[in-house]
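I have placed the structure first, in the form of structure tokens, so that the comments after it can refer back to it.
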Amino acid sequence: MAVDAGALEAGPPIRRARLRLSGFLWRRPWLKALGLLALPLLVFLLVYIGSLAALVVSSFWTANSFTATIEHTWTLANYRLIFSTSQPYLHIAALTLEMAAAVTVTDAVLAFPLAFFMGRLAGRRTRAVLFVMVLLPLWASYLVRVYAWQTILAHNGAINWWLNKLGLPDQNLSYTNWAMWIVFSYVWLPFMVLPVYAALERIPESYLEASADLGARGFKTLRSVILPLALPGLVAGSIFTFALTLGDYITPLLVGGPSSQFIGNVVYSFVGEANIPFAAAFATIPMLIMGVYLLIARRLGAFDAL
Amino acid sequence: MRRIRKRHVFAVAVVAAAATAAALTAATVQAGSGLPTKIGKGEGRLNLIEWTAYSDPSFANKFEKQTGCIIHRKDAGSSGEMFALMHANGGGGGGQYDLVSASGDASLRLIYAHDVKPINIKLIPSWKQFLPAFKSPPHNTVDGVHYGVSVQWGPNTLIYNTKKVKPAPKNWSVIYSKKYRGHITIPNNPIQIADAALYLEHTKPSLGIKDPYELTQAQLNAAVKLLKQQKPLLKRFWNYAPDEETSFKNGDVWLGAGWPYQTLQLKAAHVPVKEIVPTPTTGWADTWMLASKAPHPNCAYKWMKYVTTPQVEAKQALVFGETPVNPKACPYMNKIKKGSCAGYHLNEPASYYKTIKFWKTPIPQCGWTKKQTCTDYNAWEQAWTQIKG
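So the protein sequences, as listed, match chains P and X. In this text, residue positions in the first sequence follow this note's numbering: the first is 1, and each later residue adds one. In this text, residue positions in the second sequence follow this note's numbering: the first is 1, and each later residue adds one.
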């Protein structure tokens, strides 16, 4: 109570000081910006850019082959090893890249009709139900879902059980690249559905009517009106599916086969062996790939809605 | 041979350099050893990097009560992870960890990276009772200096599904044969190269392999070639012990390399499996090693003293599914579970241990020929990535 009384008494001077401060800041907008942005900017620079810079710098060092002591001499040795054709690293990077592309295309094909139905055809209730169904998997741990797929794909799992019921022979899906493709397409699907839905939902009904009035049939409208307008959404979604697949290492570990090493797995195993410089060098590869990908995405208008 | 050629000079130089390096290492080791002569008062805390259940409450609680050293655990998933944890924050356990339960494929790396320090083995009375093979094994003792105390071991076994694999396999050749293509699993671990090398030692004597952990480049290449041929036969590489169990349970895998621990787990889950310990085979042995920057050395010594006593050795062996290094644990094992001492091969004659080649980190210095330079762990790791790539 004493504090309250004190505050009341000090009211007018505090008010005056506050006004002065606000006037001071109003005259100096840069100071206002600094006050608002300093902390997030500092964190961004230190934590985000700083760690990336440290990563890139350490990729030019080497670790002593046996004791793992980091030797701080500048060398391109790590990169030479990665790009050497007698080494497996380019092959591993290619597999990762191909899988990311395949998953992205699959998710786009699966997500488009679903998002179209949700955004333009479904009633409010159906739409809500579909939303929940798309988002539901995200509420469970990623790890749990991958393990669930391990059982579904297993030799005596659900898929082979159904195939046998239909009189078809067992398929050896588990621990293969096909298994990885299925699981990746499943786990990242929501990240494609949502941006495509947002893009499709935004298309004004009048555009479609105009297209019909001008004599375009359904397919022509889809190709010339809907798809171009949905493209930014598809590209935005593809950034998620592509980047998430590119950086993953758990799915290859759990459902991949003997030849399913990803960039992430190699990075993980070299970090595990305390060879940070090589891991850092290999980790810059997906960074470069994503950089190029984002540039292309920007040209295709993925960030226009931001 | 009469004229001295450049390559002779070079060979001499290499040997001299290696000898100098070895001498220097030994010298620094000796110089840095101010070994304690008695165990002081406990510091109230003990930080372990361990394999899961290596300080299981069933025997660790009593230790905490007796000594007042409260245990804080960091479970590691692989030998590589253990090494990385010990090597982080300036190495030597980073001033945070006291002990690490390193397996043979990491222990020499820890020693040569100075992450662990010599111990006074006289302060661990049970050591005198150990099986001779584990008193001063090459994976934790360098030039007579002990860098830790052996704790438990186990052979690498061949596990197979009795319904699918007929006739019962007799040796490792079955995991390299096409008969069970697509139903085989092996561990995802560079030290697996030693298994291939051991197989080649006996099937291809012309390679001249003397020690599966000391391979020349040519011998390493031969092992890599064998593993590359084996890869199309594999269902998968297993990463963690439960991975292999899952693959056996759901019928994807029929046979593979594993540990007695997994056989026990699978049998408990009523999966029709059996294991054999082929002759020869590889094996692992774990050592509690003292971090060079251990903040609680007295508690660490108390722990090493405690876990090697027969009663505790027996308990840990049966919790984890492994074999004590202290044969006095035998009656205590049988007391907990009848016949378990024989089941875990603790009552075998000394010749038995000769047939098991225990994990040892590959290092450049060859023990069997001073003239050649062996491939080190880093080379094995690169080779392993290449095999899987």
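Glycine included, each C-beta is placed from N, C-alpha and C at the ideal position.
Pairwise C-alpha distance: I191 of chain X and W380 of chain X: 8 angstroms
Measuring CA to CA, which of X:A269, X:K328, X:I387, X:F358 is closest to Q129 of chain X? X:K328
Are the CB atoms of V313 of chain P and T241 of chain P nearer to each other than 8 angstroms? Since the first residue of chain P shown is 1 and the last is 306, residue 313 of chain P is not available in this structure.
Counting only the same chain and skipping the five closest in sequence on each side, list residues whose C-beta sits under 8 angstroms from that of W188 of chain P. V103, D107, F240, T241, L244, T245
Does any CB atom of chain P fall closer than 8 angstroms to the CB of K293 of chain X? no
Can you round the beta-carbon distance between H202 of chain X and L255 of chain X to whole angstroms, since I take them to be within the 8 angstroms contact cut? That belief does not hold up - the Cβ atoms of H202 of chain X and L255 of chain X are roughly 19 angstroms apart, past 8 angstroms.
Do the segment 142-161 of chain P and the segment 154-173 of chain X meet, that is, are 3 or more Cβ pairs less than 8 angstroms apart? no
Please classify I203 of chain P: does DSSP put it in a helix, a strand, or coil? coil
Contact set between the segment 84-95 of chain X and chain P, restricted to residues whose Cβ is under 7 angstroms from the partner: A84, H87
When you compare the CB positions of Y207 of chain P and V225 of chain P, do they come within less than 8 angstroms of one another, or not? yes
Where G272 of chain P meets chain X, residues with beta-carbon distance less than 7 angstroms: S78, G80, E81, A84
Check for me: the alpha helix (DSSP H) holding H91 of chain P runs from which residue to which? 89-116
Determine, for L198 of chain X, whether the minimum Cβ-Cβ distance to residues of chain P falls below 8 angstroms. no
Helix, strand or coil for P155 of chain X? Go by DSSP, reduced to three states. strand
Tell me, to the nearest whole angstrom, how far the beta carbon of H114 of chain X is from that of G92 of chain X; I am working on the premise that it is less than 8 angstroms. 7 angstroms
Note down the Cα distance separating K228 of chain X from E205 of chain P, rounded to an integer number of angstroms. 59 angstroms
Does A113 of chain X get closer than 8 angstroms to chain P when you measure Cβ to Cβ? yes
Pick from X:R236, X:G321, X:L234, X:A294: whose alpha carbon is nearest that of V267 of chain X? The sequence given here places Lys at residue 267 of chain X; Val does not occur at that position. That would be X:G321, whose Cα lies nearest to the Cα of K267 of chain X.
Roughly how many whole angstroms lie between the Cα atoms of P190 of chain P and L153 of chain P? 21 angstroms
Starting from the beta carbon of F237 of chain X, find every residue of chain P whose beta carbon is closer than 8 angstroms, and list them in chain order. P258
Using a Cβ cut-off of 8 angstroms, which residues of the segment 149-181 of chain P contact any Cβ in chain X, in chain order? Q150, T151, A154, H155, N156, G157, N172, S174, Y175
I'd like to know whether the C-beta of V266 of chain P is nearer than 8 angstroms to at least one C-beta of chain X. yes
Alpha carbon to alpha carbon, how far is Y54 of chain X from A313 of chain P? Give it in angstroms, no decimals. Chain P is shown only over 1 to 306; residue 313 of chain P falls outside these bounds and no answer can be derived.
Of all the CB atoms in chain X, is at least one closer than 8 angstroms to the CB of T69 of chain P? yes
Does S101 of chain X come out as helix, strand or coil in the three-state DSSP assignment? strand
In whole angstroms, what is the alpha-carbon distance linking A27 of chain X and P137 of chain X? In this prediction, A27 of chain X has a pLDDT of 38, which is less than 50 and means its spatial position is unreliable; what the coordinates show is noted afterwards. Rounded to whole angstroms, A27 of chain X to P137 of chain X spans 20 angstroms at the Cα level.
For P88 of chain P, go through chain X and note every residue whose CB falls closer than 7 angstroms to its CB, in chain order. T385, Q386, G389
Below-8 angstroms beta-carbon distance, N189 of chain X vs any chain P residue: no
So, A350 of chain X versus Y332 of chain X, is the Cβ gap smaller than 8 angstroms? no
Would you report the Cα separation of A218 of chain X and I186 of chain X, rounded to the nearest angstrom? 23 angstroms
On a Cα-Cα basis, can you pick out the residue from P:A236, P:G257, P:G264 that is closest to L294 of chain P? P:A236
Does N397 of chain X have its Cβ less than 8 angstroms from a Cβ in chain P? This structure cannot speak to residue 397 of chain X, because chain X is shown only from 1 to 389.
By the DSSP assignment, the alpha helix (DSSP H) with P297 of chain X in it spans what residues? 297-307
As a quick exercise: from X:K305, X:I70, X:T67, pick the residue whose alpha carbon is nearest that of T287 of chain X. X:K305
Applying a beta-carbon distance threshold of less than 7 angstroms, which residues of chain P neighbour L234 of chain X? P258
Are any of the Cβ atoms in chain P nearer than 8 angstroms to that of E381 of chain X? yes
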